[in-house]
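Here is the structure we will look at.
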Amino acid sequence: MRGAINDYNFYKAASIDCRLKCSSKVDGFRTNYTELGVWVDQTFYEKVIKKSVCLKKCRANQFRHRQESEGEKDRHSIRTIDEAFAERRPYGYLHYCYYKLEQYKDAAAAAYTFYLANPHDMSVLESINYYRNLDDVEVSDFVDLERKDYQKLRMEAETAYKEEKWEESRKKIEQALAAYYKEEERCRAHCEEVHSPNIFPDFDVNVADLYITVLLCQFGCEDKLSVLLKDKEENYLAEHYNYLQFLLYKLNHVDLAVEAVATALLLNPDDIDMRKNRAFYVMNLGYHQAHFIPRKEAVDYVKRRQEMDKLLKYVMDVYDTADQEDEDLFTTDEQSSSDGIQSSSLLHQKDHYMKRYEQIGIKLKAGSKELKGKLRFVADGLLREEQCEELISVLKMIKPEEQIITNLTVSEIMESAKEEEENEVALRMFLRVSEVIRHYTGQYFNQSAFFIRQAVIMCQQPNSGKDFTEGCIQQSDGSCLQSNITKTSERHYIAIIYLNDLTDGHMYFLDKDNNKQSKVEAKCGRLIGFQASDRYGWNGLSKKDRCVLVLQFTIDRTEDDNSHRKAMTQLYTAEQTKKKGYKNNRTQMLKHFDNEGLKLSMNETDLLGKDRFVVDGMANEDQCRMLMELAKMGAIIGDGYDGDQSPHSDHELYMGLSVHGASKLVDINAINKDVVQLYLDLTEKGRLWEENYLNLSTVLYFDFTHLVCRKALDDGVTSRDDLSHQVHADNCVIQRDGTCRKEFPAYIQRDYSGLLYLNDDFEGGEFFFAHPNQTEQIALKPKCGRMVGFNAGDYHGVKAVMKGQRCALAMWFTTDSNFKELAHIKARKTIHKLNQREMWNSRDEL
Ligand SMILES: O=C(O)CCC(=O)C(=O)O
Ligand SMILES: [Fe+2]
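Counting from 1185, one number per residue, gives the positions in the sequence shown under the numbering used here.
As structure tokens, then:
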């Protein structure tokens, strides 16, 4: 029996070897059309003939020393034998023989091998139980004698994985994959072997019929191989890439991990976990759609299976049924229209995104017509004023030395961010903004594979720019316009974003004779997109620095600059380490607050909702008065609402002062620094309370902080049925059906909200929580030092302020450090600087 198994295995392996060898040999042939006449597709039949010759030779050679049995010539009996071996029937006999010979270890292995293919066979189960109870048989004796390399390696990989030996596991998984693909190829070759014809009565029909049988068999290879022990495993092959992505991530090969994600999703697009992984790489590590390219081996595999599938479907639909002679397999409707679908969906996608961008304030201002060039556009609203200022100040901080042109790259900010927290926040913003610009520009130009090639912040001093007339037309990198434009720049695009408003120093597009075609004025947040081969230049500057953010894009993946992803990864890792070490010392903190006189007035039970609280004593009367005073002096009407003085109610005046605004006022000496210090301290106290009271396991960051007043207008209206602030949630848009959707233009990054009230000398103005149908759930009256906190997704509103003015410190928190409000750090720095100056001054006086 052992001899039979050995013989069979040899026969099978040798035949497959011959087939593979001969296939690869004929695949290399170029067909000579004159050799065989024109009555058939020569390429195909010539290959068949040559392969047949090769096979005959190869087999004769392989089986030289073996006797060819009668059965070898009889395909039918070969198939029967094949089935018997596939079901492992010989092992059923084998284990019984060993049993009789009292070789129990061998018997155990044979029985186990048989059992794996016949798990429902009661007698073999009994035998296994019997062997298991024997003294000289151990668990390790139950081995699968037919186990293939690809299964063995996969098991070893899983063992290493469980033991957290990442490198070893990765190596094994890669080997398992290589072994799988090899085994699958052999499986397909074997299909040809088993179903090969040896008689040709009706040549064409027979060849076709037989080919279909082979095809069916080959298509089944995946199922056949998707077994580790005895049961078929779902997504067997895809699982390898699942392991791989985790291992590669652990081993810090993030680019390769991304490739594994793409491959896993190619093989199993419905894998929810893998989709989440993809989102993780995009959100946290700076990858985008075009980076997710699956491995070639899997692409080929899938393509081959699709082709087989298509052919088989064709067979089902057409070949077996009717006389549709003209049916052409290779120009099906699906295929001919697919290009059309693709391009129209790309256009559709562009429209979709452009609308979305409009909702968040990014507006297209000019296109090719206005700018007089095919691929050009101008859009506004890419950056807010404070973001423009921030990017400029980062440059000035890192490179303070005076230069005509100063450039700052992502890597340089990354270096500086290691020491300065402020620069870290700026770096996050820079990366976020660059990504938006990349996506926007790519969408505009209908390029889905769009990569950043280079990104710099650049400032140029006044009067250093040469005008057109002086023979140098300056480009975004400070060089002069070249007359010979290289061909390579066709695949490059440029985006220039102005960081300041200027009355001069505008950009011009030029024709080939350097005549001005169109002009774009400088304005913070204005984006100009165009092809790198376009001719453009700047007017000489006269008054202020001209600062811009310049992004160069490429559609060639090999030119993709990875410093953005490196920076994102660095930030993410640092954040994770910080989070690990982070333990909020809840009890101690709350005790400290208790000593300070803070008192919890209402908890989540009182307030009818999880994560809600009201705490009193957060500020004393003096502190409230000082902040009311600050609001009176510094609050801007319509702040945060584009200057709209009554954004919520026509009968009230709305005004606000952000931390950013307050810090600007101290900087120009318009307000006292101590009151800004108080602004910072009280909001920090509120933040700490909320983080500790809610017992959050992560840090709460400020996302936005606003000192806000709502003042009843003296408009003679005494009865009102409107609200001071309609029912809303702080991080989502309430839908008609009462659900809330986290989408633009809501501030979806906000996780928790807090309001610290400063006064109670007004009428109306109660805060209330609301039901999904927007009716009142529970209301409370503001007063000095009272803070209400809640989940930013909770529905709430403010009743009409009937008389007087109602002020509060509004705080919105996020757990996402990417949105950390930079102004708090900045304001502290400014105050620190002023304190130091004061100290020096008082020393001088002594
Ligand atoms: O001032 C209040 O009590 C609430 C204000 C509010 O909900 C908001 O501005 O989002
Ligand atoms: Fe709100």
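Beta carbons: idealized from backbone N, C-alpha and C, even for Gly.
Here the structure is a predicted model, which means the values were calculated and not measured.
With a threshold of 8 Å, establish whether the CB of alanine 1954 neighbours any heavy atom of ligand 1.
Because no heavy atom of ligand 1 lies under 8 Å away, the Cβ of alanine 1954 does not count as near it: no.
Which of the three DSSP states is assigned to methionine 1802 in this structure?
When DSSP states are grouped into helix, strand and coil, methionine 1802 belongs to the coil group.
With a CB to CB cut of under 8 Å and the five nearest residues on each side skipped, what residues in its chain are close to tyrosine 1277?
Counting only residues of its own chain and dropping the five nearest sequence neighbours on each side, tyrosine 1277 has a CB closer than 8 Å to the CB of Met1185.
If you count every other CB in all the chains shown that lies within 10 Å of the CB of glycine 1969, and 16 or more means buried, which is it?
Buried, since its Cβ has 16 or more Cβ neighbours within 10 Å.
Just to confirm, does aspartate 1865 get its C-beta within under 8 Å of one of the non-hydrogen atoms of ligand 2?
Relative to ligand 2, even the nearest heavy atom lies 8 Å or more away from the CB of aspartate 1865.
Among all the DSSP beta bridges, which residues are the ones paired with cysteine 1731?
Answer is Cys1643, bridged to cysteine 1731.
If you count every other CB in all the chains shown that lies within 10 Å of the CB of methionine 1971, and 16 or more means buried, which is it?
With at least 16 other beta carbons inside 10 angstroms of its own, methionine 1971 counts as buried.
Let me check you understand the geometry: is the CB of histidine 1835 closer than 8 Å to at least one non-hydrogen atom of ligand 1?
The answer is no for histidine 1835.
Terminal residues of the alpha helix (DSSP H) in which asparagine 1779 lies
Going by DSSP, asparagine 1779 is part of the alpha helix (DSSP H) stretching over 1770 to 1779.
Taking only the alpha-carbon atoms, compute the straight-line gap between tyrosine 1936 and threonine 1998 and give it to the nearest angstrom.
Rounded to whole angstroms, tyrosine 1936 to threonine 1998 spans 7 Å at the Cα level.
Got a sec? Which residues, its chain only, sit under 8 Å from glutamate 1788 by beta carbon, not counting five neighbours each side?
Excluding positions up to five away in sequence, the list reads Lys1794, Asp1795, Arg1796 and Phe1797.
Please confirm whether any heavy atom of ligand 1 lies closer than 8 Å to the CB of glycine 1870.
Using a cutoff of 8 Å, the CB of glycine 1870 does not count as near ligand 1, since none of the ligand's heavy atoms is closer than that.
How is alanine 1244 classed by DSSP in three states: helix, strand or coil?
Alanine 1244 falls in the helix class under three-state DSSP.
Looking at serine 1908 and ligand 2, is the gap between the Cβ and the nearest heavy atom below 8 Å?
It does not: the Cβ of serine 1908 is nowhere closer than 8 Å to a heavy atom of ligand 2.
Please classify tyrosine 1766: is it buried, with 16 or more other beta-carbons within 10 angstroms of its beta-carbon, or exposed?
In the assembly as shown, tyrosine 1766 is an exposed residue. Its beta-carbon has fewer than 16 other beta-carbons within 10 Å.
Three or more C-beta pairs closer than 8 Å, one from the region 1863 to 1882 and one from the region 1804 to 1821: is that the case here?
Here the region 1863 to 1882 lies against the region 1804 to 1821, with 3 or more beta-carbon pairs under 8 Å apart.
Leaving out five residues on either side along the sequence, give the residues of the same chain with a beta carbon under 7 Å from the beta carbon of alanine 1293.
Exclusion of the five residues before and after alanine 1293 leaves Asp1325, Phe1326, Val1327 and Leu1329 as the residues of its chain whose Cβ lies within less than 7 Å of its Cβ.
Going by DSSP, what residues sit across from aspartate 1564 in a beta bridge?
Beta-bridge pairing links aspartate 1564 to Lys1547.
Specify the secondary structure class of glutamate 1585 as computed by DSSP and reduced to three states.
Residue state, collapsed to three classes: coil.
Please state the DSSP three-state secondary structure of lysine 1854.
For the record, residue 1854 in the displayed sequence is alanine; it is not lysine. Note: alanine 1854 maps to coil in three-state DSSP.
For aspartate 1407, name the three-state secondary structure that DSSP assigns.
Three-state result, aspartate 1407: helix.
Pick from Ala1963, Trp1996, Ala1994 and Asp1978 that is closest to alanine 1984, judged by C-alpha positions
Looking only at Ala1963, Trp1996, Ala1994 and Asp1978, the smallest Cα-Cα distance to alanine 1984 is reached by Ala1963.
Cβ neighbours of glutamate 1518 in the same chain (closer than 8 Å, five flanking residues each side left out)
Summary for glutamate 1518: the model assigns pLDDT 37, below 50, so the residue's position carries little reliability; its value from the coordinates is reported in the next sentence. Closer than 8 Å at Cβ, skipping near neighbours: no residue.
Work out the CA separation of asparagine 1426 and arginine 1637 for me, nearest whole Å.
Taking C-alpha positions only, arginine 1637 is separated from asparagine 1426 by approximately 30 Å.
Would the beta-carbon of aspartate 1718 fall within 9 Å of that of arginine 1560?
Cβ atoms of aspartate 1718 and arginine 1560: closer than 9 Å.
Sequence-distant residues of the same chain with beta carbon closer than 7 Å to glutamine 1933, five excluded per side
Beyond the five residues adjoining it in sequence on each side, glutamine 1933 comes within less than 7 Å, by CB distance, of Asp1887, Thr1998, Asp2000 and Phe2003 in the same chain, given in chain order.
Given a cut-off of 9 Å, decide if leucine 1792 and serine 1842 are closer than it, judged by their beta-carbon atoms.
Result no, Cβ atoms of serine 1842 and leucine 1792 do not sit closer than 9 Å.
Can you tell me the Cα-Cα spacing of phenylalanine 1476 and glutamate 1418, whole angstroms?
Taking the straight line from one Cα to the other gives about 23 Å.
So isoleucine 1821 packs on glutamine 1829, CB below 8 Å; how close in whole Å?
The pair is a contact, with the Cβ atoms about 5 Å apart (cut-off 8 Å).
Taking the alpha-carbon positions, what's the methionine 1339 to arginine 1479 distance?
In a straight line, the C-alpha of methionine 1339 is about 22 Å away from that of arginine 1479.
Comparing the CB of histidine 1472 with every heavy atom of ligand 1, is any distance shorter than 8 Å?
The beta carbon of histidine 1472 sits no closer than 8 Å to any heavy atom of ligand 1.
Arginine 1710 versus Leu1733, Asn1698, Lys1700 and Phe1693, residue with shortest Cα-Cα distance
Out of Leu1733, Asn1698, Lys1700 and Phe1693, Leu1733 has the C-alpha closest to the C-alpha of arginine 1710.
Enumerate in chain order the residues of its own chain whose CB-to-CB distance from threonine 1505 is below 8 Å, with the five nearest sequence positions on each side excluded.
Because the pLDDT of threonine 1505 is 49, which lies under 50, any placement of that residue in the model is unreliable, and the number read from its coordinates should be weighed accordingly. If we look at threonine 1505 and ignore the five residues flanking it on each side, it has no Cβ neighbours.
Should histidine 1304 go down as buried or exposed, given a rule of 16 or more other Cβ atoms within 10 Å for buried?
Exposed is the call here.
Phenylalanine 1629 versus tyrosine 1677: straight-line alpha-carbon distance, rounded:
Here the C-alpha atom of phenylalanine 1629 lies approximately 9 Å from the C-alpha atom of tyrosine 1677.
Examine ligand 1 and report whether any of its heavy atoms sits within less than 8 Å of the Cβ of valine 1442.
Checking every heavy atom of ligand 1 against the Cβ of valine 1442, none is found closer than 8 Å.
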